[in-house]
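K.L.:
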Amino acid sequence: MNADPYLADLPGAVIHDDIVPARAPWLHHIAAGQTLRIVDLEGNQAVDFLLYAEADDSERYSAQDTVSAQGNLFLRTGTVLRSNEGRPMMTIAATSVAYHDTIGGACSCESNTLRYGHHTKAQHACVENFLEANLIEGRSKRDIVSNINFFMNVPVEEDGSLGIVDGISAPGLTVDLKAEMDVIVVVSNCPQINNPCNGFNPTPVRMIVAG
Numbered sequence: 031m032n033a034d035p036y037l038a039d040l041p042g043a044v045i046h047d048d049i050v051p052a053r054a055p056w057l058h059h060i061a062a063g064q065t066l067r068i069v070d071l072e073g074n075q076a077v078d079f080l081l082y083a084e085a086d087d088s089e090r091y092s093a094q095d096t097v098s099a100q101g102n103l104f105l106r107t108g109t110v111l112r113s114n115e116g117r118p119m120m121t122i123a124a125t126s127v128a129y130h131d132t133i134g135g136a137c138s139c140e141s142n143t144l145r146y147g148h149h150t151k152a153q154h155a156c157v158e159n160f161l162e163a164n165l166i167e168g169r170s171k172r173d174i175v176s177n178i179n180f181f182m183n184v185p186v187e188e189d190g191s192l193g194i195v196d197g198i199s200a201p202g203l204t205v206d207l208k209a210e211m212d213v214i215v216v217v218s219n220c221p222q223i224n225n226p227c228n229g230f231n232p233t234p235v236r237m238i239v240a241g
């Protein structure tokens, strides 16, 4: 029997292994020292990602602190994801994608309407996924901060504007995140169908926790 290639080289035993359907939310508590591997199963799928500290969820991922500390907009191997208190939350231990986005934000019903027309207002969006997952633990819309978009390609154009273009991922590519503290991970497996971030076709991803 062939070994599962997505379980290779993980540090320690597999603790949790989930397939997150296309367009769905996901929430999981990850202890310090454990590793989360995100697998882009079919390629070109954006994974919107939030982090909260387990000890006090008023401490959460900060795009500003992360970008400022590393002096670069893009997230690569070795990037430390920092909180609004400047503390390390997770580290990108490895990635088979060149870089990931931390400035493009999450799609919402409102932004869909503004960008793509009123007929898109009823379409499910990442903000709704974040709300659905966070409500389980008592967080609300005010707790949604700027998020990471794993596997998403958001280049900065010469005029300073942001583009949302075809992804740079492919089937089976991965990103590994090592927890530096006990964290709560909240994910929206992006349902966007109006721009190329998902190849206009949202697909499942796999979330594996080991340690």
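Position in the sequence shown (from 1) plus 30 gives the number in the working numbering. Backbone N, C-alpha and C fix where the C-beta goes; we use that ideal spot for every residue, glycine too.
Identify, in the order they occur along the chain, each residue of the same chain with its Cβ nearer than 7 Å to the Cβ of arginine 53, setting aside the five sequence neighbours on each side.
P.N.:
Looking up residue 53 in the sequence shown gives position 23. Answer for arginine 53: His154, Asn219, Pro221, Pro232, listed in chain order.
K.L.:
Quick one: complete beta strand (DSSP E) runs, 3+ long, within the stretch 97 to 137?
P.N.:
110 to 112, 118 to 125
K.L.:
Can arginine 172 and aspartate 87 be called in contact, C-beta distance under 8 Å?
P.N.:
Within the sequence shown, numbered from 1, the residue matching residue 172 stands at position 142. Within the sequence shown, numbered from 1, the residue matching residue 87 stands at position 57. Not in contact: arginine 172 and aspartate 87 (Cβ atoms no closer than 8 Å).
K.L.:
When you compare only the Cα positions, how much space is there between aspartate 95 and valine 215?
P.N.:
Along the sequence shown, read from residue 1 onward, the residue named residue 95 stands at position 65. Along the sequence shown, read from residue 1 onward, the residue named residue 215 stands at position 185. Aspartate 95 and valine 215: Cα-Cα distance of roughly 18 Å.
K.L.:
Specify the secondary structure class of alanine 93 as computed by DSSP and reduced to three states.
P.N.:
By 1-based counting over the sequence shown, the position of residue 93 is 63. Correct three-state label for alanine 93: helix.
K.L.:
Can you tell me whether DSSP reads isoleucine 238 as helix, strand or coil?
P.N.:
Stepping through the sequence shown from its first residue, residue 238 is reached at position 208. Annotated three-state conformation of isoleucine 238 is strand, per DSSP.
K.L.:
State buried or exposed for proline 55, treating a residue as buried only when at least 16 other CB atoms are found within 10 Å of its CB.
P.N.:
Looking up residue 55 in the sequence shown gives position 25. With 16 or more Cβ atoms within 10 Å of its Cβ, proline 55 is classed as buried.
K.L.:
Beta strand (DSSP E) containing leucine 66: first to last residue?
P.N.:
Residue mapping note: residue 66 aligns to position 36 of the sequence shown, counting from 1. From DSSP, the beta strand (DSSP E) with leucine 66 extends over 65 to 70.
K.L.:
Could you tell me the boundaries of the beta strand (DSSP E) in which asparagine 74 lies?
P.N.:
The residue labelled residue 74 in the question sits at position 44 within the sequence shown. First-last for asparagine 74: undefined, no H or E at that position.
K.L.:
Label leucine 144 either buried or exposed according to how many other C-beta atoms from any shown protein chain fall within 10 Å of its C-beta, with 16 as the threshold for buried.
P.N.:
Here residue 144 refers to the residue found at position 114 when the sequence shown is read from its first residue. Annotation note: pLDDT 49 at leucine 144 (below 50); position unreliable, no value reported.
K.L.:
Below 8 Å between beta carbons: does that hold for valine 50 and proline 234?
P.N.:
For this step, residue 50 is matched to residue 20 along the sequence shown. For this step, residue 234 is matched to residue 204 along the sequence shown. Cβ distance < 8 Å, so valine 50 and proline 234 count as in contact.
K.L.:
Using the rule of at least 16 other Cβ atoms within 10 Å of the residue's Cβ for burial, across every protein chain shown, is isoleucine 166 buried or exposed?
P.N.:
On the sequence shown, residue 166 is found 136 positions in, with the first residue counted as 1. Result: exposed.
K.L.:
Contact between the stretch 56 to 70 and the stretch 94 to 114 is defined here as three or more beta-carbon pairs at a separation below 8 Å; is this criterion met?
P.N.:
no
K.L.:
Taking its Cβ as the centre, do 16 or more other Cβ atoms sit within 10 Å of leucine 37, making it buried, or is it exposed?
P.N.:
Numbered from its first residue, the sequence shown carries residue 37 at position 7. Flag for leucine 37 reads exposed.
K.L.:
Along the alpha helix (DSSP H) that carries phenylalanine 160, what are the first and last residues, could you check?
P.N.:
As a working note, residue 160 is residue 130 in the sequence shown. Residues 156 to 165.
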